[in-house]
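Protein chains in written order, with the working numbering: chain X, 27 to 342; chain D, 27 to 342. No residue lacks a Cβ here, since even glycine has one placed at the ideal position from N, Cα and C. Only one structure is covered here, and it is reproduced in the block below.
2 protein chains.
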Amino acid sequence: MSDILVVGSVALDSVKTTAGKSVEALGGSATYFALSASYFSSVALVGVVGQDFPREHRRTLERRGVDLEGLKAAKGKTFRWSGKYGKDAANAETLATHLNVFKEFKPVLSEAQRKAPVVFLANIDPELQSEVLAQMKGPALVACDTMNYWIESKPAAIKKLLAKVDIFFSNDQEAMRLTGAPNALQAAEVLADWGPSVVVIKKGEHGALMKVGSKFFVFPAYPLARIKDPTGAGDTFAGGFLGYLASSASYKDVAHLKRAMAYGTTMASFNVQDFSTKNIEDLERDVIDERFHDLAERMMIPRADEFLKARRAVAA
Amino acid sequence: MSDILVVGSVALDSVKTTAGKSVEALGGSATYFALSASYFSSVALVGVVGQDFPREHRRTLERRGVDLEGLKAAKGKTFRWSGKYGKDAANAETLATHLNVFKEFKPVLSEAQRKAPVVFLANIDPELQSEVLAQMKGPALVACDTMNYWIESKPAAIKKLLAKVDIFFSNDQEAMRLTGAPNALQAAEVLADWGPSVVVIKKGEHGALMKVGSKFFVFPAYPLARIKDPTGAGDTFAGGFLGYLASSASYKDVAHLKRAMAYGTTMASFNVQDFSTKNIEDLERDVIDERFHDLAERMMIPRADEFLKARRAVAA
């Protein structure tokens with residue numbers, strides 16, 4: 027049995043950015059999540075692809091130990107998405123979406139999958155997310171994500187889902203739209219009222235914030251002057267976050283949750299440095315930990331105590 | 027002799043935000059800077075007001091120990107600015123600017139002012155900033171700020187000034203406009219090439235980043251779900267930063283520079299919680315230090331070492 031079950035999309039993405047382009051490359055929310063989480067925990071993926079899904083992409087996931095028993099190959103074509111990013115890497119312009127076999131995605135979990143202690147319901151129809159959750163046998167930790175499309179079309183279903191979720195990941199724009207709040211912090215307050223004990227708001231290049239109980243924690247992004255392709259950064263973040271957390275001693279310990287934020291940030295920073303999943307396909311855990319500590323060093327505030335003590339000594 | 031000399035505007039601001047309004051309240055870049063820096067170092071202010079400048083505003087600065095010998099009262103009216111903020115607190119819409127006596131501002135420094143070890147050239151005409159700097163007698167640390175108006179009208183003068191400056195403060199939009207760089211990090215790289223050994227890019231609610239040598243340091247903002255008036259946040263940040271740094275043992279020590287970022291962040295967070303300068307007029311140093319440590323706690327990443335050690339022990 028795997029530590030984490032992820033249910034979501036597996037896709038072929040064609041992306042143009044100011045740094046170049048990729049054509050029908052490996053993508054999808056469950057893909058990015060699973061690869062990222064795989065450096066910390068064992069992951070089983072539930073999704074659907076078409077008969078045209080390249081064998082090499084399947085192997086990419088298998089090489090990272092991702093359990094693909096739940097990745098069905100259905101008759102038809104794999105989900106395809108194409109998009110374009112301008113100078114503002116925060117927002118993709120969708121050029122085309124072909125759901126193909128993903129349109130009929132109705133996951134039925136196996137006995138082993140139902141028993142996973144941690145489940146991540148990646149960005150799919152919120153009613154489907156609830157149906158998947160109903161199949162689980164008392165998971166210790168439930169997390170989910172969503173996107174604008176569902177926020178516009180099924181906000182009530184998202185709200186209903188959130189009542190059963192422990193950790194909700196959202197980007198700032200989506201969180202504000204879903205709640206009607208004027209800023210990310212107020213949005214997180216509303217979202218926490220709906221159920222999740224932990225709300226994570228992702229702000230892309232501006233970092234992320236996390237609400238745990240009544241307290242906000244704040245984290246900058248890893249500083250990168252040049253990025254190639256922001257696609258999948260949010261799911262890669264969630265993968266690093268939950269992958270680390272699932273491997274930790276406690277899901278509620280604030281120290282672990284803060285490290286989870288930093289591992290999410292670290293994994294997302296690797297992801298955006300190349301197209302598709304290229305830069306998160308074969309990292310080394312030591313390389314990840316090195317950047318984790320480098321990030322900590324770049325944002326650490328040395329305590330002022332010693333300085334204050336010295337100042338008072340001089341003043342006295 | 028004061029620790030820091032600040033040259034800039036002293037104004038009467040009328041501001042509308044979603045939280046209310048203020049009318050002809052104390053404002054100006056030198057005002058916010060001086061009040062904020064005064065909690066850490068002694069400050070002398072050079073500026074000009076009209077004969078209508080309220081006595082109470084002068085006393086507000088004097089109560090914080092700000093040396094106002096350089097604040098001239100000229101014939102005419104005080105500089106007035108009025109602006110409006112919508113839901114997006116990042117950008118003010120200017121409703122009116124009346125430079126009044128500030129139009130003829132030509133600071134001539136006294137002997138004592140010329141000897142200040144630290145000088146902050148707040149947002150005024152960059153040619154005037156250079157003239158002020160030329161009057162200084164070998165300051166140990168020179169810092170400056172600027173704004174869009176000068177970036178549009180006198181970019182060459184700003185570039186010339188930066189060659190003589192140690193620390194440059196800018197917000198992200200201005201830095202990108204001045205350099206033509208597509209993001210804040212690349213803008214900081216260009217700005218550092220022009221001269222300053224430290225470049226600080228302020229991003230409002232998204233925090234700030236600092237380039238020292240070849241290294242970027244990153245800091246989130248203090249999390250506030252509700253703010254009343256963002257006016258002066260940038261100058262208050264610079265005041266906390268330089269006020270702390272001027273009081274420290276070394277202007278080049280990275281630990282001090284990181285604490286300076288956190289004190290800048292802390293002071294700005296107090297400032298935006300009320301209109302005008304109300305919330306930075308009589309703070310206590312202990313209250314400031316408490317929020318400084320609270321900020322550090324909210325962004326601290328507990329080192330992963332212990333966890334990794336435990337994980338390896340289990341694996342072995």
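Considering only residues of the same chain and omitting the five flanking positions on each side of residue i, which have a CB-CB separation below 7 Å?
| i | result |
| --- | --- |
| X:K113 | T44 |
| D:L309 | Y65 and F296 |
| D:V280 | V238 |
| D:Y270 | F66, R285, A286 and Y289 |
| X:L125 | F105 |
| X:I177 | I184, E200, R203 and L204 |
Could you name the residues of chain D that residue i contacts, counting a contact when the two beta carbons are closer than 7 Å?
| i | result |
| --- | --- |
| X:E137 | Ordered by position in chain D, no residue passes the 7 Å Cβ test against X:E137, which lies about 27 Å from the chain. |
Applying a beta-carbon distance threshold of less than 7 Å, which residues of chain X neighbour residue i?
| i | result |
| --- | --- |
| D:P246 | G233, V244, F245 and P246 |
| D:E215 | A251 |
Beta-carbon separation of residue i and residue j under 8 Å?
| i | j | result |
| --- | --- | --- |
| X:A272 | X:D29 | yes |
| X:V191 | X:T205 | no |
| D:V224 | D:L187 | no |
| D:I327 | D:T292 | no |
| D:S48 | D:V41 | yes |
| X:A142 | X:M27 | yes |
| D:Q139 | D:L31 | yes |
| X:A51 | X:V74 | no |
| X:K254 | X:Q299 | yes |
| D:T303 | D:T86 | yes |
| X:A63 | X:G265 | yes |
| D:E231 | D:A247 | yes |
| D:P152 | D:K129 | no |
| X:M55 | X:G91 | At residue 55 of chain X the sequence reads Ser, which differs from the Met that was named. No, the Cβ-Cβ distance between X:S55 and X:G91 is not below 8 Å. |
| X:G53 | X:G258 | yes |
Against chain D, does residue i count as a neighbour if the rule is that its beta carbon must be under 8 Å from one of theirs?
| i | result |
| --- | --- |
| X:Q212 | yes |
| X:R324 | yes |
| X:P222 | no |
| X:A281 | yes |
| X:K229 | yes |
| X:N297 | no |
Mind pulling the chain X residues with CB within less than 8 Å of residue i?
| i | result |
| --- | --- |
| D:R329 | H319 and A322 |
| D:K163 | Result: empty, since nearest Cβ-Cβ is about 25 Å, beyond 8 Å. |
So, with DSSP's three-state summary, where would you put residue i?
| i | result |
| --- | --- |
| D:I150 | coil |
| X:N117 | coil |
| X:W220 | coil |
| D:S40 | strand |
| X:S179 | helix |
| X:Y277 | coil |
| D:T172 | coil |
| X:T257 | coil |
| X:Y289 | helix |
| D:M236 | strand |
| X:D312 | helix |
| X:L87 | helix |
| X:N209 | coil |
| X:Y248 | coil |
Can you confirm whether residue i, when its beta carbon is compared against all beta carbons of chain B, has any partner nearer than 8 Å?
| i | result |
| --- | --- |
| D:A288 | No chain B appears in the structure shown, which is made up of the protein chains X and D. |
Is there a Cβ from chain X that is less than 8 Å from the Cβ of residue i?
| i | result |
| --- | --- |
| D:P143 | no |
| D:P181 | no |
| D:P208 | yes |
| D:K113 | yes |
Using C-beta distances below 6 Å, list every residue in its chain close to residue i, excluding the 5 sequence neighbours before and after it, in chain order.
| i | result |
| --- | --- |
| D:G46 | none |
| D:T120 | G109 |
| X:F122 | The displayed chain sequence assigns Ala, not Phe, to residue 122 of chain X. Contacts found: S108. |
| X:G233 | F245, P246 and A247 |
| X:A37 | G53, G54, F105 and W107 |
Please go through the same chain and pick out, in chain order, the residues whose beta-carbon is closer than 8 Å to the beta-carbon of residue i, but skip the five residues on each side of it.
| i | result |
| --- | --- |
| X:L235 | A210, L211, A214, V226, I227, K229, F242, F243, V244 and F245 |
| D:V158 | V33, V72, P133, L135, V145 and L147 |
| X:I306 | Y58, L61, S62, T262, M293, F296 and N297 |
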